[in-house]
Every structure is written in structure tokens, then in C-alpha cells.
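Novice:
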Amino acid sequence: MADAALNTVDRPSGLQRRLFTGVFWLLLLNLLVKPFWILGVEVGVQNAVGSEAYGLYFAVFNLSYIFNIVLDLGITNFNTRNIARHPVLINKHLSGILGVKILLLALYAVITFGAGLMLGYDSYQFRLLAWLSLNQFLSSLILYLRSNFEGLLLFRWDSLLSVLDRLLMILICGLLLWGPAHISGGRFTIFHFVYAQTAAYLATALTALAVLSRKTSFRRLRFNRLFTLAVLKQSLPFALLVLLMASYNRLDPVLLQRLSRGGAGNFNAGIYAGAFRLLDALTMVAYLVSVVLLPVFSKMTDPLSVSSRGLQPLSSTVKTMTSLMLVFSVTAACTLSSAGAGLMALFYNDHIADHAAVFRILIFCLIPVSCTYLFGTLLTAAGQLRLLNRYAAASLLLNLLVNLLCIPRWGAVGSAWAALSAQTFMAVAQIIASLRIFSLRPSRAYISKLFYFTFIIIACTCCAPHFVWWINIPVVAAVALVLAFVLKLVDTREIIRIIQQH
């Protein structure tokens, strides 16, 4: 079994075919499941418990999420990159790293609860933090287990496991929200939502471990002090990067809860959560692509691969993925921003204008976030962690500064501007670094095509107020698709050629 799994790893010449196959399965399964979770179940929960209760949950959740890296310390990204290059190490890593994960849980609990004490949490908030911390551990464990499938390029198994937790959550929360009243005790609370997540994460982690045991020779945990220290030493640069990025990505609701005037902290955090939800659903596409890209870029940037094949395969793949990412993100951001009020009225029962004001700004984060997932993954695969850490630290400082200046005056709208500022800075810095380090030279014709595409999409959305929003979205999307093919930003012949060649 173990040999069969290890033999599934392709030579570098087959990586691009694996890339597009992996992206297809990840997107297919996740686009069927996760949008319903985010836009159906999570919206249903917020409408059921109210914006203030959900805002409190969202702020505490983001606090637990910021320190999630302590549960991992960069081990997952390190493991994906290392197993992709050296698949024979999987049994050694799996036995040792699972033991390390358990030890890190204690450290995470101390740090997270210490932060809760500093923020003045009461008993209710600590109870919520405790369960959310457990969920973060289970989620981190699942991501680590999946990284082994990713490193072995077993993308179909990874795809199935990536949606299993959400499928179970949808089933449980669906019964509690819309099933007979006696199932939830007559009134749905935020803790029903949290408990459902715990059950789903636990079931998924056990399933992933069982499948991985069949694919490898792993049978038991091993606590090895030297191995633990060696792994942590190599993983810490990843850990610092993830901590910094998690901070500037997830700090906004925490700051909103503490810095808002007039006791409106929970309310503003709830409004931000409602506006953030659709952005979260859409960035899932870019994230899923990056999950597949990390092991692929790791092999393409490996010195042996570069010396034998040069950087042409890398340049071709980066150009293709850049086109796909920008066509998707520019179209979605411009179109949905113009339809903000209609979309928020579709999802929520109250405070529509507040949600829409934040959403119109926040949705434009999709463009820099998509670029960051692409070029950040490329730089991570090449080991440029010190550079990424500097960029992430600067983005965090920018986010904090804008939040401190804007939250007291504009509340959730100020946080939206802070998020957009930090994400844009990070994306631009990573693009410039990638062009320099990998000698990527986009032609003037290609840059002009991107400019024309963006200009025409903006022009189309400027006409949007004259039409109904639910008509604008499919019409502009159709225009964008046709335009992408006309300009050959999305060239199916090139994609087919890559697949056939490799």
C-alpha cells in the first residue's frame, strides 16, 4: 500500500497535468459544498441568533484563528513542500509530527486563554473561546493530514476530505436550524453552531487518519525530541509568515469589537462578518488553487528541475494561472460591488444598508487576495520566507494603523478600508518580488490585454445602476467570459496543449 502511494508521485514533466486535474477536482467538490455552507448555513445562523450575538462569536473566532499557527508552527506547509520533493519520508514525518501536534495544543491553549484574559473576557466568552480553540485544533489536524495527500499529489483524496467536514456541518446545522424544533431544544443558539463544528471536525480527522494509514506504513505515534526540534527549526519561518498573515487578515473584527464607540463593538463586528462572508466564499477559489500549486511549484522551483528544464514551464504555468485568477477576481469584485445592496437584502433580515456599505469596499479585496494566493505560494515554494515575512509584517503594521485611525470614526467601513489597504500592499510587493526573483517578463501585449479587460469590465459595471442587480451579474459575467477568450487571456488551446504535452 505504502509503495503504491509513493509511486503515484509524477516526474516533474507530468506536473502541469496534475495541476489542472487537481484544480478541477478541488473546485468541483468545494464549489458544490462550501458556498452553501457559507451563504446558506452561516447566513441562517446569523439571522437566527442576531447580528450582535454573531458578532461576538465572530470576534472570538478570529482571536482563536489568529493564534491557530501555534498549533502548526508552519509544519503543514513545510510538510507539503518536503513530501512533494522527498515522498519516501512520509512515514517518518507522519509518526513524529502527529506527536508534535498534540504537544503544541497545550502551548496554544496557554497563549489563547492569556489573550482572552488581556482582553477582559467574561465566563461566557471564555466558554465560547474554549470550544472554538478545540475546533481550531481539530481543523489544524485535518489540514496537516491533508498536506500528506497534497505532498503525494493524491489530489482526489485531498478533494474529498476538503469538503467532508462542511458536508457534515451542513447536515447537522440544517437539522438544527430548519428541522423539528425539539432537535435544538426550541431555540437555536450560537453554541449549537459551535458544537456542530466540533462533531464534524472530529469525524473528518478520524476519517483522514484512517485513509492515510492505509496509504502508508504509519501505525503509531513516536515522540522523538531530536526530530521534533529539527522539524520546528525548519518550520518556524513558515510559522512566522502564517502568524503575520493571519493577524492582518483576521484582526479587523477583534479591533472592531474593542475600538468601536458607544458600545457598538459586537454590532460592528457582526456587520463586518455579514459583509465578509461572500468575500470569504469567493476567496475559497483562490485558496483551493494555491493548495494544489504549492507542491507543483515546489517541484518546479527545485534546483534539479530548474537545471534540467529551465524556468520556461514555471513561466508558462504562472502566466496561465495569473490570467485565470485576474479574470475571475476582477469580474467578481466589480460586478458584486455594484450589486451590494441587492445581495445583502437577499441574505439578511435587517441592517441592509450597513452591510452593503461595508461589502462594496471589502469585496475588492478579492483581487489582491487572489494575487497573493498565487504569487505568495510561488515565493513560499521557492523558500523566500524571510522576504515574505518582511512584507507580511509591513502589511500588519499598515492594517493596524488604518484600523486605529478609521474604526473610531467610521466603524466597520473603516475596517474594510484597512483590509483593502493591507491586502493591496501585500499583493503588489509579492508580484514585484516574483518578477525579479524568477526573471518573469510579461510582454507589453499581455499587460495591455489585462488593462483592456479591466477597463471594459469597469465600464460595464458603471452601467449597472440602470438595470436590476440580478440581471447585471450574469450579463457582466458572460461579457467577461467572452472578452477573456477574445483577448486570449483564457486560451483553451494553450491549456489543452499543456495537458497533451505532459
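Numbering (this note's numbering), first residue to last: 3 to 504. By construction, the Cβ of each residue, glycine as well, lies at the ideal position given by its N, Cα and C atoms. The model shown is predicted, which means the values in this text are computed figures rather than measured ones.
Buried or exposed for I71, please, with buried defined as at least 16 other CB atoms from any protein chain shown within 10 angstroms of its CB.
Specialist: buried
Novice: Among I363, G342 and C373, which residue has its Cα nearest to the Cα of W471?
Specialist: G342
Novice: Are the CB atoms of C373 and I459 nearer to each other than 7 Å?
Specialist: Not closer than 7 Å, so no.
Novice: From T324, N391 and W27, pick the residue whose C-alpha is nearest to that of S164; which is it?
Specialist: W27
Novice: Can you look up N226 in the DSSP assignment and give me helix, strand or coil?
Specialist: Note: N226 maps to coil in three-state DSSP.
Novice: Give me, in chain order, the residues of the same chain whose beta-carbon lies closer than 8 Å to that of Q197; leave out the 5 immediate sequence neighbours on both sides.
Specialist: The question names Gln, but residue 197 in the sequence shown is Tyr. W133.
Novice: Please go through the same chain and pick out, in chain order, the residues whose beta-carbon is closer than 6 Å to the beta-carbon of S249, but skip the five residues on each side of it.
Specialist: I68 and L398
Novice: When the Cα atoms are used, what is the spatial distance from L106 to L73?
Specialist: A direct Cα-to-Cα measurement between L106 and L73 gives close to 5 Å.
Novice: Name the two residues that bound the continuous alpha helix (DSSP H) containing I370.
Specialist: Residue identity differs from the one stated: residue 370 is Pro in this sequence, not Ile. Unbroken alpha helix (DSSP H) run through P370: L368 to A383.
Novice: Residue range of the alpha helix (DSSP H) that T191 falls in?
Specialist: Run containing T191: none; DSSP gives neither H nor E here.
Novice: Can you round the beta-carbon distance between N150 and N81 to whole angstroms, since I take them to be within the 8 Å contact cut?
Specialist: 7 Å
Novice: Label H95 either buried or exposed according to how many other C-beta atoms from any shown protein chain fall within 10 Å of its C-beta, with 16 as the threshold for buried.
Specialist: buried
Novice: Using beta-carbon positions only, say whether A61 and Q314 come within less than 7 Å of one another.
Specialist: no
Novice: Under the rule that 16 or more other beta-carbon atoms within 10 Å means buried, what is P476, buried or exposed?
Specialist: exposed
Novice: In the structure shown, what three-state DSSP assignment does L121 receive?
Specialist: In the three-state DSSP reduction, L121 falls in the coil class, being neither helix nor strand.
Novice: In the structure shown, what three-state DSSP assignment does H357 receive?
Specialist: helix
Novice: Is DSSP giving L390 helix, strand or coil here?
Specialist: helix
Novice: Looking at the secondary structure, which residues open and close the alpha helix (DSSP H) in which S472 lies?
Specialist: A small fix is needed here, since residue 472 is Trp in this sequence, not Ser. In the DSSP assignment, W472 falls within the unbroken alpha helix (DSSP H) covering W471 to V488.
Novice: In whole angstroms, what is the alpha-carbon distance linking G101 and R227?
Specialist: 10 Å
Novice: Rounded to the nearest angstrom, what separates Q425 and Q236 at their Cα positions?
Specialist: 27 Å
Novice: Starting from Y350 and walking both ways along the alpha helix (DSSP H), at which residues does that stretch end?
Specialist: Premise fails: Y350 is in no alpha helix (DSSP H) and is neither H nor E.
Novice: Could you give the DSSP three-state label for G344: helix, strand or coil?
Specialist: helix
Novice: Can you give me the C-alpha to C-alpha distance between I369 and L280, rounded to a whole angstrom?
Specialist: Roughly 14 Å between the two C-alpha positions.
Novice: Determine, using beta carbons only, whether L338 and I365 come nearer to each other than 7 Å.
Specialist: yes
Novice: Buried or exposed, going by whether 16 or more other CB atoms sit within 10 Å of the CB of L296?
Specialist: buried
Novice: Taking the alpha-carbon positions, what's the L211 to W412 distance?
Specialist: 47 Å
Novice: Suppose contacts are defined by Cβ-Cβ distances below 7 Å. Is L170 in contact with A207 by that definition?
Specialist: In this structure, L170 keeps its C-beta atom at 7 Å or more from the C-beta atom of A207.
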